[in-house]
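Beneath this line is the structure, given in structure tokens, with notes to follow.
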Amino acid sequence: MNSHPILCFCNPLRKYNLIGDYPHLCSTLRNDMNVAFVHRMKIGNWWIITSNPVKYKGDSHGPKLAKNGQRGMKKHIIHRLMIFDALALTAFAAWWFLRPSPSAPRFDGTRAHADVVTQVNFGARIPGSPASARARAYFTEELTAAGWAVLALPGVSMGHDFVNITANRSDRQPEILLVAHYDSRMAADNDPNPGNHALPVPGANDGASGAAVLLELARVLPAEAPVALLLVDAEDQGNLPGWDWILGSREFAAQMAYRPRAVILLDMIGDADLNIYQERNSDTALTASIWATAKRLGYESLFIPQPRYRVIDDHVPFLEKSLPAVDLIDLDYPYWHTLADTPDKVSAHSLQAVGDVLLQWILENP
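Residues 317 to 682 in the working numbering are what the sequence shown spells out, letter by letter.
In structure tokens form, the structure reads like this:
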């Protein structure tokens with residue numbers, strides 16, 4: 317018994333469409349359905365079965381037609397059927413070789429969303445806080461389990477302690493650096509209720525979403541991908557007394573010993589109503605390349621090919637070192653720096669879209 321799946325192509329002039337094991341199918345076609353020739357082609361694990369209807373009921377020797385006109389008509393029909401079969405085989409072969417490989421890495425937006433929930437459940441990840449330490453322990457555990465070498469990089473800026481986390485897996489020097497901040501803001505100073513301004517922000521989208529996408533990419537990226545990860549601390553405390561923005565990334569960029577050809581920052585990319593416009597400070601060529609990938613994957617409505625914002629974010633220190641850097645950010649988020657920045661505002665579909673685009677872009681740019 318042939319163990320391979322069977323796919324039988326049919327055409328409008330042939331009324332049979334069977335799926336079964338190969339010997340049974342051949343017997344059925346030859347005997348019960350009165351066709352003379354059974355062709356098969358193996359593509360991967362599929363047998364493609366086609367046939368020519370040149371055997372007719374009551375005639376075990378093929379067509380014996382008295383009139384040349386009838387014989388010519390039959391030959392014409394047979395010729396058309398053979399052409400259709402050839403086209404069907406070509407179409408299936410194209411689909412087979414162009415379809416995503418079953419073994420290709422696949423990003424899981426649902427699992428990334430679970431990482432958002434986990435981070436928020438730790439509490440406010442304010443630099444130097446116990447919740448921040450719990451988040452780092454979680455990142456380290458997950459990244460190590462995925463085969464990454466994790467390094468904590470403590471730093472001090474403006475009198476504040478913080479800890480960046482970097483991770484590498486390939487023996488090659490990293491050519492692509494993926495960045496996200498993991499701290500959450502200590503003051504919900506954009507909350508519509510002034511009484512909440514002194515309370516910490518949950519930071520589901522602004523903080524946890526980018527880190528969650530990095531974690532899931534770390535799980536599915538091929539081991540040979542020349543990628544490094546950077547989870548930065550102390551990004552989101554600007555405009556508060558004694559603080560400034562992007563302290564962690566400034567420290568890392570000042571100390572980094574290699575020059576990646578692409579730095580990709582993820583910030584606030586989980587909004588259920590996701591609209592990622594092109595950030596004006598970002599490298600234009602790198603931006604165009606990523607947006608082109610998004611368009612090919614069908615995410616053009618989420619990655620909008622129009623410049624809109626100019627943002628001081630964690631990509632800026634790398635731009636200042638003349639490194640190509642891009643900021644993937646959706647600033648049209650009504651819960652920014654409020655107590656309502658909770659996991660229910662974050663969409664697994666949005667995380668999936670961003671993860672799909674980045675994974676595909678990395679695979680296309682090894």
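The beta-carbon is built from N, C-alpha and C at its ideal position, and this holds for glycine as well.
As assigned by DSSP and simplified to three states, the class of residue i
i, result
"Phe568", "helix"
"Pro633", "helix"
"Thr658", "coil"
"Met502", "coil"
"Ser666", "helix"
"His476", "strand"
"Gln676", "helix"
"Asp522", "helix"
"Leu531", "helix"
"Ala641", "strand"
"Ala541", "coil"
"Pro510", "helix"
"Val536", "helix"
"Ala428", "helix"
Nearest-angstrom beta carbon gap, residue j and residue i [assumed within contact, 8 Å]
i, j, result
"Tyr498", "Ala527", "4 Å"
"Asn591", "Leu618", "7 Å"
"Val466", "Ile481", "6 Å"
"Glu567", "Ile645", "With 8 Å as the limit, Glu567 and Ile645 do not qualify as a contact, their Cβ atoms being about 21 Å apart."
"Asn521", "Lys661", "6 Å"
"Ile492", "Ile606", "The Cβ separation is near 11 Å, so there is no contact."
"Val495", "Val579", "6 Å"
"Tyr649", "Asp587", "5 Å"
"Leu515", "Leu674", "Contact flag wrong, Cβ pair sits at about 33 Å."
"Pro490", "Pro542", "6 Å"
"Ile585", "Ser666", "7 Å"
"Leu533", "Phe423", "7 Å"
"Pro421", "Val536", "4 Å"
"Asp431", "Leu531", "5 Å"
Outcome for residue i when other beta-carbon atoms lying within 10 angstroms are tallied against a minimum of 16
i, result
"Asn555", "exposed"
"Met502", "buried"
"Pro446", "exposed"
"Arg472", "Residue 472 is actually Val in this sequence, not Arg. With fewer than 16 Cβ atoms within 10 Å of its Cβ, Val472 is classed as exposed."
"Pro518", "buried"
"Arg686", "Past the boundaries of the shown model lies residue 686; the chain is included only from 317 to 682, so the question cannot be answered."
"Asp477", "exposed"
"Met474", "exposed"
"Leu614", "Note that residue 614 corresponds to Gly in the displayed sequence, not to Leu. Gly614 comes out exposed."
"Thr460", "exposed"
"Gly425", "buried"
"Asp630", "buried"
"Ala428", "buried"
"Ile628", "exposed"
"Ser638", "exposed"
"Gln668", "buried"
"Pro640", "buried"
"Arg452", "buried"
"Ala570", "exposed"
"Asp643", "buried"
"Thr609", "buried"
Below-8 Å beta-carbon distance, residue i vs any chain B residue
i, result
"Leu613", "Absent here is chain B; the protein component of the structure consists of one chain."
Those residues which DSSP pairs with residue i across a bridge
i, result
"Leu313", "Since the first residue shown for the chain is 317 and the last is 682, residue 313 is missing from the structure and cannot be characterised."
"Gly471", "Phe478"
### Query
Hey, which unbroken runs of the alpha helix (DSSP H) at 4 residues or more fall wholly within the stretch 431 to 468?
446 to 461
Within the stretch 544 to 627, ranges of the beta strand (DSSP E) (whole runs, at least 3 residues): 578 to 583, 592 to 595, 619 to 625
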